[in-house]
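Numbering (the working numbering), first residue to last: 426 to 556.
For every residue, glycine included, the Cβ atom is placed at its ideal position computed from N, Cα and C.
Since this is a predicted model, take the numbers as computed values, not measurements.
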């Protein structure tokens, strides 16, 4: 399958396919004419890759877990993939907790009884006799 056909089959741009190939995430053979020739299973691989990205995995994480994704249809790798997803879920939960804390602090600084300048903390305002 040539690059244009692969782009059409996957909905990815040719530039994206070339980028993935450059990163080592996708392999293509070169024909005598120099054109890229992707195997048919590359379309499935790209769907796995895009799903992993949509689930919050970075390309570096995908590269590290590439053997797992490449064997995603193999039942023996299912537990390893579940563990990777569970780790990602834990990371997301930690980010949500951090963002919730940050949101609370921002909301507190917007309350009417907060310091005159919302960027100054209460200690800064007390030092300047603003509180």
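Asked                                                                                               : Found
Local conformation of residue 490 per DSSP, three classes                                           : coil
Cα-Cα separation, residue 483 to residue 468                                                        : 19 Å
Identity of the residues DSSP links to residue 440 by a beta bridge                                 : Partner(s): none; residue 440 has no beta bridge.
Whether residue 488 touches residue 450 by CB criterion (8 Å)                                       : yes
Own chain, CB closer than 8 Å to residue 535, minus 5 neighbours either side, in chain order        : 543
Close beta carbons around residue 446, own chain, < 8 Å, minus the five adjacent residues each side : 452, 453, 461
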